Structures are given as structure tokens and as C-alpha cells.
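Trainee: Read in order, the letters of the sequence shown correspond to residues 85 to 205 in our numbering. Even for Gly, the Cβ is constructed at its ideal location relative to N, Cα and C. Nothing here was measured: the structure is a model prediction, and the numbers come from that model. I'd like to ask some things about the structure below.
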Amino acid sequence: MDPTARKAVNLNVLRRHDQNIVEIIDNSSYVVVYKFDNGAWTKRGVEGTLFVFKRCVQPIYGFIVMNRLGIDNFMAPLTDGMELEFKDEYIIYRTTDDDDIHGIWVFETKDRERIGRTLWE
């Protein structure tokens, strides 16, 4: 499948989860989501493709990990209240609303660096 057709198919899939998504900005084929809790990192049971997207309503930007391990995907808005940090193989973020800390392990180094820059902008 050519890249344009693949992007259109992926956009249709994402719209099933959020009808306000209008564009896929970037993606990485394999990531794992972790949560920092009680001083330790634990897997959230979410692994799969990460998409950074744009919406037609607030919050305008966000990302989703389409879970290959089950039916629960992981979606987060990109807001001014989000703190981002890049450590080794992880993109770490904290939301100020609930003070949760998550780490996203990105398999491909080039994807991690590119996605990190995209999220930072």
C-alpha cells in the first residue's frame, strides 16, 4: 500500500476513536507505554503504533497508541499543562491536572527523536 493510502486508512481508524481528528502529523510503528507509580516504572499493558494527530477542536493536538495487546488504547491531549522530558529511550510526560507520569518507550531511535521534536513544538 502506498504511503498516502496508508495514511488515509489510518486516519479513518483514528476517527472511529475521535471524530474530531483531522490530520495525522507523525507516527511510530512500535511503542510501549509505562506509568511511574510508587517509585517504579510499570507497563500499562499498551503496546503498538503511536500517532500524533491534529483535531478541529480544543485541545488541538494529541497522541494515541493503538494497542496491539487489547482493546484499551492510550490517548492523551497535548496541552500547556503537560511537561515533557526526553531521557535515553523514553519520552516522559507529566500532566499537571492529575500529576500522572508516563513514559513512552519508542523502539526506533530515529522515530523517538523525530516524535520528541514534534511533541515539543
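Taking only the alpha-carbon atoms, compute the straight-line gap between Leu162 and Gly146 and give it to the nearest angstrom.
Mentor: If you take the alpha carbons of Leu162 and Gly146, they lie about 5 Å apart.
Trainee: Can you tell me whether Asn122 is helix, strand or coil according to DSSP?
Mentor: Three-state DSSP puts Asn122 in coil, outside helix and strand.
Trainee: Smallest Cα separation from Ile144: which of Thr88, Asp102, Asn96?
Mentor: With distances taken between Cα atoms, Ile144 lies closest to Asp102.
Trainee: Helix, strand or coil for Asn104, going by three-state DSSP, please let me know.
Mentor: Here Asn104 sits in coil by DSSP.
Trainee: Roughly how many angstroms lie between the CA atoms of Trp125 and Val93, to the nearest whole one?
Mentor: Cα to Cα, Trp125 sits roughly 34 Å from Val93.
Trainee: How many whole angstroms separate the CB atoms of Glu131 and Arg152, which I take to be in contact at a CB cut-off of 8 Å?
Mentor: Their Cβ separation, rounded to whole angstroms, is 6 Å, which keeps Glu131 and Arg152 in contact under 8 Å.
Trainee: In this structure, does DSSP put Pro87 in helix, strand or coil?
Mentor: Residue state, collapsed to three classes: helix.
Trainee: Would you kindly check if the distance between the Cβ of Ile176 and the Cβ of Arg196 is under 8 Å?
Mentor: Cβ atoms of Arg196 and Ile176: not closer than 8 Å.
Trainee: State the Cα-Cα distance for the pair Lys171 and Asp184, rounded to the nearest angstrom.
Mentor: The alpha-carbon atoms of Lys171 and Asp184 are separated by roughly 17 Å.
Trainee: Using alpha carbons as the reference points, say which of His186, Arg139, Leu134 lies closest to Tyr114.
Mentor: Cα-wise, what sits closest to Tyr114 is Leu134.
Trainee: Rounded to whole angstroms, what is the Cα-Cα separation between Arg90 and Asn96?
Mentor: Between Arg90 and Asn96, the C-alpha separation is close to 10 Å.
Trainee: Ends of the beta strand (DSSP E) at Ile185?
Mentor: 185-190 is the extent of the beta strand (DSSP E) around Ile185.
Trainee: Just checking my contact of Phe137 with Ile108 at CB under 8 Å: how many whole Å lie between their CB atoms?
Mentor: Phe137 to Ile108, Cβ: 6 Å. Contact.
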